[in-house]
Amino acid sequence: MRIKVNHISFSYNELQALKDISFEVDTGDMLAIIGQNGSGKSTLLKCMNRILKINQGSIEINERPLSAISPAKLSQIMAYIPQTEEARTGLTVFDTVLLGRKPYISGKPSAHDLEFVSELLFRLELEEEAMRTINTLSGGQQQRVFIARALAQQPSILLLDEPIANLDIYHQMKVMKLLRQLSAEGITVIITIHDINMAARFCNKALMLKQGTVFASGDQSVYVSANIEYLYDIEVEVVRYKDNICIMPKNL
Amino acid sequence: MNDEVLIQYKRYRARNKRFIIFILLLLVLIGGIALLAGSHWIGGKEILALLRRDGTALEYQILLNIRLPRVLAAVITGIILSASGALMQILLRNPLASPYTLGISNAAAFGASFGIVFLGAGSSIARSSDLFMITNPYIVTVAAFLGSLLGLAIILMIVKVKQASVETIILSGVIINSLFGAGIAVMQYVADNVQLASIVFWTFGDLGRGDWYKLFFMLIVLIPALFYFSIKRWDYKVLCSGDDYAKSMGVNPQQTRILGLVITSLCTAVAVSFFGVIAFVGLVVPHIVRKCIGDNEEFLITGSAVFGGMFLLLCDTVARTIISPVILPVGILTSFLGVPLFLFLITRRKVRCE
């Protein structure tokens, strides 16, 4: 689905977190929102999902204003994975993923819902863990469970807040590959991410946020040293290695 | 292999349902025993006589006007306290939450004390054998109910003024509890001996205060509440994964939480006003059920309700019969029976993990 963000602003009481943000994402795009801590990345993601109410501007999904979509309908279009799940220990993996079917369940989950979940568990290689509780899983497995839970909503748009924070490089790659695969299947994927190398490698679009404003956006051509140096206030060297962009900090 | 996962999960759901049905059967069984047992044992011969309609009027009276209301009072109160406890723990995302977390118990006790001291409900001794007879139970009940509504109103005011987080709500509950605790102390200070004894007696919690009108009133409150909780069970499930996630799933966390708290508090207020403060059940029954069926809100509320009804009935039956004809306050038994059961469940799980 095509998302158009038009001049949105948002403040937490006195503090203006987002100022005049505009950008567009198309079906099948994978957008990385990058910037320093506190630059407004997570806030932007929450505004796009109406978790936070924007003060100004508008967001459109396939030309339709976000404000005209009911909360129940929105949960069938857009799925959100928070950065850290608030402690929820004893639920089984199957039940957690089944939670994502809520927009389609009234009362009791149907046979179709259960089959849908079980197929997702297979797809994300979680079938062995189906009856384990979340708190017994590793970080990488947990993240896959949450992605499965989001996919259970059958969304066209997937929003993920720091999906690979706290994961080792093996699980980072696994999650990023999965997200790219999903975007190739036509889901619009939007993530916030700190690892700019991973962002450059996997996401075809980038949005650079500096103190609540868009500083640069576009395709991979935005990964030039001048942009990144301004974004993070450090000196970097951007090199190309086997068609991949590598960003390395210069002097220590 | 795909089917394997489905079969496992369906088995798990079936197991949870079987647990609930088993507890329900246990409840019926204990209910049957509770009707027969007591200081006047009603055996098979008497029941046959009753069925043939030639039983003595005494047995008829005991069954219909003493034992049956008491059994139903225990079951309904157990359901209210345990379901409310489970819901409070879900809504406030806190394992220490109970039906009394918002201060309902002290608020009701304050109301009852006020009724006893100032409205004359416990001021005179009706018979010389009953030193602490509450002479007008209806005034005490109404005063206790109004007290708990006052407590709830203060909480709601705080929530409204400040966009209240879960922490603020819990803290408000603690404050309300101590405020009304101080109020009770004042009442006890100004009360005379008989009134003081009445206040203490009231707070013990006693299921013998039930009659058919009270039971009817409780059901009027309980049935719509359970229906509402059942409709909302998926919202509660989502809410357990955090407010942001709930919003992204189309659930309004603030509204769901406040409405849930108000309904559970009203149910609890009714139970407390009628039967006094019965501790422990609302806090621990949801944990016992969690240990048995896991952390799934779909089954937790129903499971807690059924288990709570069974458990309070069991406690009350033991309290009535253990040193019959003396009837112990049921609140004492709930802790004495509940703590060993809970400890057993905690240690059993640990052994299995090792």
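Residue numbers (the numbering used here), protein chains in the order written: chain A, 744 to 995; chain B, 54 to 407. Ideal placement from N, C-alpha and C gives every residue a C-beta, glycine not left out. Keep in mind the model is a prediction, meaning the values are calculated, not measured.
Cβ contact annotation for A:F889 (same chain, cutoff 6 Å, sequence separation greater than five): I824, in chain order. Taking A:D772 as the centre and dropping the five residues before and after it, the same chain places the C-beta of S926, T931, N947 and K948 closer than 7 Å to its C-beta, in chain order.
B:S158 sits close to B:V330, with the two beta carbons spaced by under 7 Å. In terms of Cα proximity to A:G833, the closest of B:L353, B:I129 and B:G234 is B:L353.
Considering only beta carbons, no part of the segment 918-933 of chain A lies closer than 9 Å to chain B.
By the Cβ-count criterion, B:P148 is exposed, with fewer than 16 other Cβ atoms from all chains shown falling within 10 Å of its own Cβ. In this structure, B:V81 keeps its C-beta atom at 7 Å or more from the C-beta atom of B:G362.
Secondary structure at A:D838: helix, using DSSP grouped into helix, strand and coil. For B:A299 and B:A160, the gap between their C-alpha atoms comes out near 32 Å. The three-state secondary structure of A:E972, taken from DSSP, is helix. CA-to-CA, the gap between B:V392 and B:V342 works out to about 14 Å.
Non-local beta-carbon contacts of B:K267 in its own chain, meaning distances under 6 Å to residues more than five positions away in sequence, involve F327 in chain order. Within chain A, the residues K845 and I848 have their CB atoms less than 7 Å from the CB of B:W287, given in chain order. Fully enclosed alpha helix (DSSP H) runs of no fewer than 4 residues occupy 97-104 and 110-114 of the segment 90-134 of chain B, in order along the chain.
With respect to the 7 Å criterion, B:E350 and B:I208 are not classified as neighbours on the basis of their beta carbons. The C-beta separation of A:A891 from A:L901 comes to about 12 Å, leaving the pair out of contact by the 8 Å criterion. For A:S785, no Cβ of chain B is located within less than 7 Å of the residue's own Cβ. Annotation: the continuous alpha helix (DSSP H) that includes B:P339 extends over V334 to I346. Rounded to whole angstroms, A:M951 and B:S218 show a C-alpha spacing of 32 Å. Apart from sequence neighbours up to five positions away, the residues of its chain that approach A:A943 with a beta-carbon distance below 7 Å are Q963, Y966, I988 and I990, ordered along the chain.
Distance from the CA of B:T309 to the CA of B:S318, rounded to the nearest whole angstrom, comes to 14 Å. For the segment 288-305 of chain B, residues whose beta-carbon sits nearer than 7 Å to a beta-carbon of chain A comprise K290, V291, C293, S294, G295, D297, Y298, K300, S301, M302 and G303. Secondary structure note for A:Y823: its beta strand (DSSP E) is the uninterrupted segment M821 to I824. For A:G833, the closest Cβ of chain B is nearer than 7 Å. Among the residues of chain A, none has a CB under 8 Å from the CB of B:Q308; the nearest is roughly 11 Å distant.
For A:Q915, the enclosing alpha helix (DSSP H) has its first and last residue at I912 to A927.
In terms of Cβ geometry, A:G882 and A:L910 form a close pair [threshold 7 Å]. Per the DSSP secondary-structure output, A:Q799 pairs in a beta bridge with A:S752.
When A:G955, A:K917 and A:T839 are compared, the shortest CA-CA separation from B:K290 is found for A:T839.
Contact of A:N792 with chain B by beta-carbon distance below 9 Å involves D297, K300 and S301.
Considering only B:T370, B:K63, B:R71 and B:Y62, the residue with the shortest C-alpha distance to B:V359 is B:R71. Less than 7 Å separates the beta-carbon of B:I133 from that of B:L275. For A:S899, the nearest beta carbon of chain B is not closer than 7 Å to its own beta carbon. Boundaries for A:K762: no alpha helix (DSSP H) harbours it, while the beta strand (DSSP E) harbouring it runs L758 to V768, taken from the DSSP string. For A:P846, the three-state secondary structure derived from DSSP is helix. Taking a C-beta distance under 7 Å as the contact criterion, A:A873 and A:L864 qualify as a contact pair.
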